[in-house]
Amino acid sequence: MVPTLKTLRRLFESQERISTEEALEIIHKALDVMDTEPNVLEIAAPVVVYGDLHGQFFDLMKMLDKIEYFEENQENSNRKLLFLGDYVDRGAFSCEVILFLLCMKIHRPNNVYLLRGNHECEAISSFYGFRLECKAKYGVSVYFHFIKCFQSLPLAAVLDAPEGRIFCVHGGLSPEIETISDIQSLDRRREPSTSGPLCDLLWSDPIPEYESEITPNSSLDQDDEDLEPGTLTNYSVAHSFKESFREVSQLSKTKLMKKRPSIVPETAKWSPNEVRGCSYYYGCLAVYAFLNRNDLLCMLRAHELQDEGFLFHFSSEAYLSLDTRKDTTFPPVITLFSAPHYCDEYNNLGAMMFVPDEPHGFDVEQIHPVRHPRPRKHAQSEGMWTMFESTLPYISPSTKFFEEMAELNNVDLTTKPKKLPSFQASKVGLELEEDIIIPGYTLTSTLTRSRKYLPLLVGAAKLKRRRSSERHPHAANPEWDAITSQWKQAKTKSDDIIVSSDQSKVNLAVIFTTKELEMLKLMFTLIDVDGDFVLQSDEIARFIERILMLHITEEKAIQYTKALDCNKDGQVDLADLIECAAKMKRKYYQQQESRLRWKEWQNFGCFFVTVILLYCMRTKRPWCRKKLLWLPLTCLIYWYIQRRNRKDYSG
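If you're matching positions, the sequence shown starts at 636 in my numbering and goes up one per residue.
Shown next, in the form of structure tokens:
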């Protein structure tokens, strides 16, 4: 029997697990419900829309409490909830998030709608952590049932709002898709490839819009500072709007950044998405054409981390002459991100959007992160370190690995480190004491706000756009292969890897198997949260806390980061991690070889002691027997002490 939502919430908030049978029942019943739904859903307002969640269960509960979802009232019976995908990976409670959403779908199938994100597939979720978490909590077989359920998720939705129809999708558009009917005809019940329309719907992004910052020392005309919202130029946000925004949102302590909107827009319809390593960037012209062709007002999507929880695309004055839509009072593309303080790493806000059934525009509510407990040990470490130890036995599943690397790389862990910029992760975002609904963020076509004024609805609060550099694993593999090849060539030239006295020089193929290299890549990916191919001190601290269940100080995290920097270039990349593993494996082999030599002497000693004992038993001289008995006893004591010392040394 499927548990109630309140029962499931109580269990998950106390970090208790449901039985495997209950988990499978939830998965199968939700699959049966969603399997009957079309590729593109038709949903009538009112609707609350959520972006990426990424395993942040406690933030999901907070957002549901905001709309009083668990209360029995008329408003909840009419309101629909739409989730845009990416429910798993990265966060520590991915199983809880997806099981709770599926249970919501079972209990309220006509009020809860789930779309597929790029993480709802085997290639991505097995790489970014969900498979390991699921294996630790429910077993690997349950993971494959999840994959089958993911394939039943719809791909897109069209919201029927008073202002017009809104197209909702996780990623974006595809050059192979011109109409909604094209999406309906796709076969969604399969694993997405790295190209094609199914991949594009899940992976594509709008072309980045770059803005130039106006520093505090930059000169601005006094006339620009005093302009009214209706008569703004391209140079700055109106002073009056900034002040009213601060009063409404209570952000008086936040220093807002002024921006110049991009003057020359990017007019390319499609360009390769080099950041993701697959799919495309779509430009404003591609968006206008798709919206006009399908009689749509705008597009709402997720897929990208945003500092404020959302972002308007192609909405500056520079795009006004290119916009061919009938109603240009709304931004053509809106990104929504609902995972505040993403991965416990960034200081971003989350956001959810309200689409009412009355012509009053759309409201965006920003969400501050909620404190959550540390995940229990079974949630991550048991499954992950069992797999690591089986493939990489020379890497200790504790902070001893970092301490040994500090010793090998001559890093002093006793001195207090200086806070070097290269070892710090940038944390950009807004510090809010409470969640806010900002009237300045309300989009409406019935008021006097013009298309020219639209970018200023976020201009006062928007910081520099942060893009997630998360890549498709298949696209990242060539880069990692290039790194390992360079490391192999460097090691072959230096002849620096020693395995045994009989074979002092070996190449990478002998040192690392393919499985070992894949495991090292996986370990690097789990630590590298922001996907920039460089490990920062706060990423290492987070990895230790989540995987080893240990909390370390910021100073210790910096020291551990320096300990992994084998080439002393100020940053830790995959080559450094491979070099660390090579040193640990060399040390491991040397210890193994030493153990073998000691075992040979041990066997010889045992044989010698046995001979002495037999002689003592046969001799008829008591004084000789007594003196000879001391010899094997001394050998046994010496052997015991040496064994204890070697055991303590090897850990």
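In this text, a Cβ means the ideal position worked out from N, Cα and C, and glycines have one as well.
Residue i at chain D interface by Cβ criterion, 7 Å
i, result
"F693", "Going by chain labels, chain D is absent from the structure shown, which holds only one protein chain."
Residue of the options minimising C-alpha distance to residue i
i, options, result
"P1008", "Q650, A658 and L640", "Q650"
"P1287", "D979, C784 and L717", "Residue 1287 lies beyond the stretch modelled for the chain, which goes from 636 to 1286, so this question has no answer here."
"E909", "P841, P966 and I969", "P841"
"L716", "G985, K740 and A796", "K740"
"Q1319", "F1037, I818, Y685 and H1109", "Examination of residue 1319 is not possible in this model, given that the chain is present from 636 through 1286 alone."
"V637", "F647, R652, G1205 and I661", "I661"
"A758", "K783, I818 and N746", "K783"
"P832", "E1190, T814, P810 and P843", "P810"
"I969", "H1107, H805 and L1199", "H805"
"F947", "L1155, A665 and C919", "C919"
"I653", "T1034, L734 and T1148", "L734"
"H995", "H1003, F965 and F1023", "F965"
"V675", "I801, H1003, R911 and A1198", "I801"
"V999", "E677, S973 and P900", "S973"
"I812", "Y1223, L794, G799 and S839", "S839"
"S1172", "D1208, E1151, T1149 and F693", "D1208"
Residue span of the beta strand (DSSP E) that contains residue i, given as start and end
i, result
"K715", "K715 to F718"
"R936", "C933 to R936"
"V747", "V747 to L749"
Buried versus exposed call for residue i [16 or more other C-beta atoms within 10 Å across all chains shown]
i, result
"R644", "buried"
"S820", "exposed"
"D1137", "Note that D1137 scores a pLDDT of 46, beneath 50, so its modelled location is shaky; the value from the coordinates is reported in the next line. Flag for D1137 reads exposed."
"F705", "exposed"
"S914", "buried"
"M669", "buried"
"H1186", "exposed"
"I1213", "buried"
"R824", "exposed"
"Q1001", "buried"
"I1272", "exposed"
"K1220", "buried"
"I1175", "buried"
"A679", "exposed"
"P975", "buried"
"Q691", "buried"
"T1269", "exposed"
"A1298", "This structure cannot speak to residue 1298, because the chain is shown only from 636 to 1286."
"K1156", "buried"
Per DSSP, the bridge partner or partners of residue i
i, result
"H948", "V968"
"F989", "V683 and D998"
"V793", "E677 and F802"
"C730", "None; C730 has no bridge partner."
"R911", "Answer by DSSP bridge pairing: none, since R911 is not bridged."
"V1207", "L1170"
"D840", "Y916"
Helix, strand or coil at residue i according to DSSP, with G and I counted as helix
i, result
"S906", "strand"
"C978", "helix"
"S854", "Confidence at S854 is low in this model, with a pLDDT of 36, below 50, so the placement of that residue should be treated as unreliable; the coordinate-derived value is given next. Looking at S854 - three-state DSSP - the assignment turns out to be coil, as it is neither helix nor strand."
"C625", "Because the chain in this structure spans residues 636 to 1286, residue 625 falls outside the shown range and cannot be described."
"S1219", "In the sequence on display, residue 1219 carries Met and not Ser. DSSP places M1219 in helix when its eight states are reduced to three."
"R725", "coil"
"E943", "coil"
"L1048", "coil"
"E882", "Caution applies to E882, whose pLDDT of 36 falls short of 50 and renders its modelled position unreliable; the value that the coordinates give is listed next. E882 falls in the helix class under three-state DSSP."
"Q650", "coil"
"I1276", "helix"
"E672", "coil"
"I812", "coil"
"C756", "coil"
"R825", "coil"
"L736", "helix"
First and last residue of the uninterrupted alpha helix (DSSP H) at residue i
i, result
"A1176", "S1172 to I1182"
"F802", "F802 -> not in any alpha helix (DSSP H); beta strand (DSSP E) instead, spanning G799 to V804."
"V775", "V775 to F785"
"F692", "F692 to K701"
"T1196", "E1189 to L1199"
"I662", "T655 to M669"
"S816", "I815 to Q819"
"M1298", "This structure cannot settle anything about residue 1298, because the visible part of the chain is limited to 636 through 1286."
"E1038", "K1035 to L1043"
"S1031", "Note, S1031: premise wrong, no alpha helix (DSSP H); not H, not E."
"L767", "F765 to K772"
Contact test: residue i Cβ vs the ligand MN heavy atom, cutoff 6 Å
i, result
"V732", "Within the structure as shown, the ligand MN is missing, as the structure has no ligands at all."
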